[in-house]
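K.L.:
Number of protein chains: 2
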Amino acid sequence: MHQNSRSANRFLQSLSHSDFELLAPHLRSVELRHAAVLFETGGEIDRIYCPLNGAISLVVPLGGGDIVEAGMFGRDGIVGAPAALDSATAVNQAVVQVQGQASVVGVAAIQSAARQSASLRTALYQYDQLLLVQAQQSAACNATHTVEERLCRWLLRSRDVLESDFLPLTQEFVAQMLGVRRTSVTLVASRLKEAKLIKYRRGRIEVLDLEGLQDSACECYRAFKSQEARLLGRTAV
Amino acid sequence: MHQNSRSANRFLQSLSHSDFELLAPHLRSVELRHAAVLFETGGEIDRIYCPLNGAISLVVPLGGGDIVEAGMFGRDGIVGAPAALDSATAVNQAVVQVQGQASVVGVAAIQSAARQSASLRTALYQYDQLLLVQAQQSAACNATHTVEERLCRWLLRSRDVLESDFLPLTQEFVAQMLGVRRTSVTLVASRLKEAKLIKYRRGRIEVLDLEGLQDSACECYRAFKSQEARLLGRTAV
DNA sequence: TGCGCTTTGTTCGATGCCCAACAGACCGGA
DNA sequence: TCCGGTCTGTTGGGCATCGAACAAAGCGCA
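So the protein sequences, as listed, match chains W and X. In terms of numbering that gives the first Met the number 0, the first sequence is numbered consecutively and its last residue is 236. In terms of numbering that gives the first Met the number 0, the second sequence is numbered consecutively and its last residue is 236.
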């Protein structure tokens, strides 16, 4: 039943046969509904999410209701790794950015599996490192780059996560993730549209010119990709 | 010989007797010289640093030579935890912000110890989480808060790390960490000086009014402290 | 087909920060 | 005591983004 989830999620895919067998009996399917909050900052993480499609953002809530994104994962990763490696308390909020399905494993099962397998722990830890990479690259990017560069970076990353040129997102939502005004996004987006890099209408953004977008993005996009390749490109220790 | 290092560094302090004994034979002392680079992004981490005093910044290098800080640790933490938990490759650059001493453990010894002790792994992992907390809070902060708020937050954090109101730092250096112009720091700093929150001269900043600084800082400072307290306040699993 | 809500577009003044250049002050070393 | 380099102060123009308010258009739903 969950063999197909293994081929859909990169984390499950990367596991050795024996590590996968530790988790397989405990895998369940859940729907990721848009805007659903999977866990809260300081709250308990009750399960680990292995998205099969869609996207999950990890965000920092700020006083005043604003939130800013620190990183995102889709089928290229997992969400909730700390539940397996430590206590099950979240240091951020997880929000469904684009609806989809995920395979999940309850916290008790994943902790028990992690206790048994060092290679599973390493695999989990790599995705935690990958979130750190995103968060710190965002910190640098948000401090120094323009809204246009940051928007391009973010669209490119979303495209990679969703593995589709078609991004079901509103400008309002994007603005929140970037920590800028919605009108700034509208302004920049219309420039990108005019340059034929993207097109969009009411909650649907579509990437038209991948190379062009990359040229307009800051180095942060490539920086993340190269770190991702390095981290996942080999199994460690 | 290294019993005193145990009392000086909070990580070593927090370890159980048996975990500490795993590391004790391998502890060595090193000097942390100002501006020394302990490891590079993508480079090997050859040892874990447990500062006894001074401060180490974890930074993201950007093309063009700029760097932006993602987090910092002093005797309140450790630097290089990933070396023990995964392959020994760094996802960021570690730079000595304020000179001092550190106890260090070579990568082979720490990996071997981590393989033997789950509680040691958990302890190491907590400091990795703490870096994530700093990085993602910085991402949010850099996106939405003013230079004044960010400077105050940063000074407060430095003060906590150094456990001193006296911060041996130049405005140029601070500006780099925050990802802003040096002249912006000068401008804001002189306002803080006028308000009698700080005083300074050529590379020496001194906190005069702690409460006042906290009032001028954004919520991000308190947000980090509360997460730190939560993460370290109890031993997990 | 039409209504209403959501999303996007546009204006415009305000402002915070950039950017570059230079002046002045401090401090250590000769 | 003077000199040179590092650090801080100051200027002023320019631009990106904010902030708030309102207009227009698209889409779902009845």
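Glycine included, C-beta positions come from ideal geometry on N, C-alpha and C.
Ignore the nearest five residues each way along the sequence and tell me which others in W:L31's own chain have a CB closer than 6 Å to its CB.
P.N.:
Excluding residues within five positions, the ones whose Cβ falls inside 6 Å are G53, V95, Q98, G99 and A101.
K.L.:
Distance, Cα to Cα, X:R221 vs X:A142?
P.N.:
Rounded to the nearest angstrom, the two C-alpha atoms are 17 Å apart.
K.L.:
Are the C-beta atoms of W:D214 and some chain X residue less than 8 Å apart?
P.N.:
It does not: the Cβ of W:D214 has no partner Cβ on chain X nearer than 8 Å.
K.L.:
When Cβ atoms are compared, which residues of the segment 54 to 76 of chain W fall closer than 7 Å to chain X?
P.N.:
Within the segment 54 to 76 of chain W, the qualifying residues are V59, L61, G62, D65, V67 and A69.
K.L.:
Go ahead and label X:N8 buried or exposed: buried means 16 or more other beta carbons lie within 10 angstroms of its beta carbon, across all protein chains shown.
P.N.:
The residue is buried, with at least 16 neighbouring Cβ atoms inside 10 Å.
K.L.:
Please decide whether W:D85 counts as near chain X, where near means a Cβ-Cβ distance under 8 Å.
P.N.:
Taking Cβ atoms only, chain X reaches closer than 8 Å to W:D85, which makes this a yes.
K.L.:
Give the straight-line distance between the Cα atoms of X:M0 and X:F19, rounded to the nearest whole angstrom.
P.N.:
Residue placement at X:M0 cannot be trusted, given a pLDDT of 48 that sits under 50; what the coordinates show is reported in the next sentence. In a straight line, the C-alpha of X:M0 is about 14 Å away from that of X:F19.
K.L.:
Is W:F10 near the ligand ZN - that is, is its Cβ less than 7 Å away from at least one heavy atom of it?
P.N.:
In the structure on display, the ligand ZN does not appear, and there are no ligands present to speak of.
K.L.:
Are the beta-carbon atoms of X:A112 and X:L22 separated by less than 8 Å?
P.N.:
Yes, the Cβ-Cβ distance between X:A112 and X:L22 is below 8 Å.
K.L.:
Closer than 9 Å by beta-carbon distance: list the chain W residues that pair up with X:T121, in chain order.
P.N.:
The contacting residues are L84, D85 and S86.
K.L.:
Going by DSSP, what residues sit across from W:L168 in a beta bridge?
P.N.:
Answer is none; W:L168 lacks a bridge partner.
K.L.:
Count the C-beta pairs between the segment 225 to 234 of chain W and the segment 195 to 215 of chain W that are closer than 8 Å, then say yes if the count reaches three, no if not.
P.N.:
With a cut-off of 8 Å, the segment 195 to 215 of chain W and the segment 225 to 234 of chain W do not count as touching, because too few Cβ pairs lie within range.
K.L.:
Please decide whether W:E218 counts as near chain X, where near means a Cβ-Cβ distance under 8 Å.
P.N.:
At least one chain X Cβ lies under 8 Å of W:E218.
K.L.:
Excluding five sequence neighbours on each side, which residues of the same chain lie with their C-beta closer than 6 Å to the C-beta of X:Q92?
P.N.:
E39, T40, V58 and P60, listed in sequence order.
K.L.:
Could you name the residues of chain W that X:R268 contacts, counting a contact when the two beta carbons are closer than 7 Å?
P.N.:
Nothing in the structure corresponds to residue 268 of chain X, since chain X is present only between 0 and 236.
K.L.:
Would you say X:Q170 reaches chain W, if we count a Cβ-Cβ gap shorter than 8 Å as a contact?
P.N.:
No - not a single Cβ of chain W is within 8 Å of the one on X:Q170.
K.L.:
Using only the alpha-carbon positions, how far apart do X:P167 and W:S157 sit?
P.N.:
Rounded to the nearest angstrom, the two C-alpha atoms are 42 Å apart.
K.L.:
Restricting to Cα atoms, I'd like to know which of X:C217, X:D65, X:I55 and X:D127 is closest to X:H237.
P.N.:
What the structure shows of chain X is the stretch from 0 to 236, and residue 237 of chain X is not part of that stretch, so it cannot be assessed.
K.L.:
Just to confirm my understanding: we take X:A228, look at its own chain, exclude 5 residues before and 5 after, and list those with CB closer than 8 Å. What are they?
P.N.:
Around X:A228: no qualifying Cβ.
K.L.:
If contacts are defined as beta-carbon pairs under 8 Å, then X:I55 and X:A83 qualify, I think. What distance do you get, rounded to the angstrom?
P.N.:
Not a contact, Cβ separation roughly 16 Å.
K.L.:
So, X:Y48 versus X:I77, is the Cβ gap smaller than 8 Å?
P.N.:
Their beta carbons are under 8 Å apart, which means X:Y48 touches X:I77 by this criterion.
K.L.:
Would you give the residue range spanned by the beta strand (DSSP E) that W:P50 belongs to?
P.N.:
It spans R46 to P50 - the beta strand (DSSP E) in which W:P50 sits, taken as one unbroken run.
K.L.:
Check W:K195 in the structure and name its three-state DSSP category.
P.N.:
W:K195 falls in the coil class under three-state DSSP.
K.L.:
Roughly how many whole angstroms lie between the Cα atoms of W:I44 and X:V187?
P.N.:
So the two alpha carbons sit approximately 41 Å from each other.
K.L.:
Can you tell me which of the three DSSP states X:E43 falls into?
P.N.:
Reduced to three states, the DSSP call for X:E43 is strand.
K.L.:
Cα-Cα, which of X:D159, X:L130 and X:A174 is closest to X:L150?
P.N.:
The option with the nearest alpha carbon to X:L150 is X:A174.
K.L.:
Locate the alpha helix (DSSP H) running through X:L154, then write down its first and last residues.
P.N.:
From DSSP, the alpha helix (DSSP H) with X:L154 extends over V146 to L161.
K.L.:
Quick one: give me the first and last residue of the beta strand (DSSP E) that W:V36 is part of.
P.N.:
Here the beta strand (DSSP E) through W:V36 covers V36 to F38.
K.L.:
Specify, as a first and last residue, the run of the alpha helix (DSSP H) that W:Q12 falls within.
P.N.:
R9 to S13 is the extent of the alpha helix (DSSP H) around W:Q12.
K.L.:
What are the start and end residues of the beta strand (DSSP E) that includes X:V29?
P.N.:
R27 to L31 is the span of the beta strand (DSSP E), which, as asked, contains X:V29.
K.L.:
Check the Cβ-Cβ distances between X:G41 and every residue of chain W, and say whether any is below 8 Å.
P.N.:
Cβ-Cβ to chain W under 8 Å: yes for X:G41.
K.L.:
Identify the residues that DSSP records as bridge partners of X:V95: which are they?
P.N.:
Note: X:V95 sits in a beta bridge opposite X:I55.
K.L.:
Examine chain W for any beta-carbon lying closer than 8 Å to the beta-carbon of X:A188, and answer yes or no.
P.N.:
By this cut-off, X:A188 is not an interface position.
K.L.:
Measuring CB to CB, does W:E205 end up less than 8 Å from W:D164?
P.N.:
Yes, these two residues count as a Cβ contact at 8 Å.
K.L.:
W:A142 CB to nearest chain X CB: under 8 Å?
P.N.:
It does: the Cβ of W:A142 has a partner Cβ on chain X nearer than 8 Å.
K.L.:
Grab the span of the beta strand (DSSP E) containing W:A69 for me, first residue to last.
P.N.:
Segment I66 to F72, the beta strand (DSSP E) holding W:A69.
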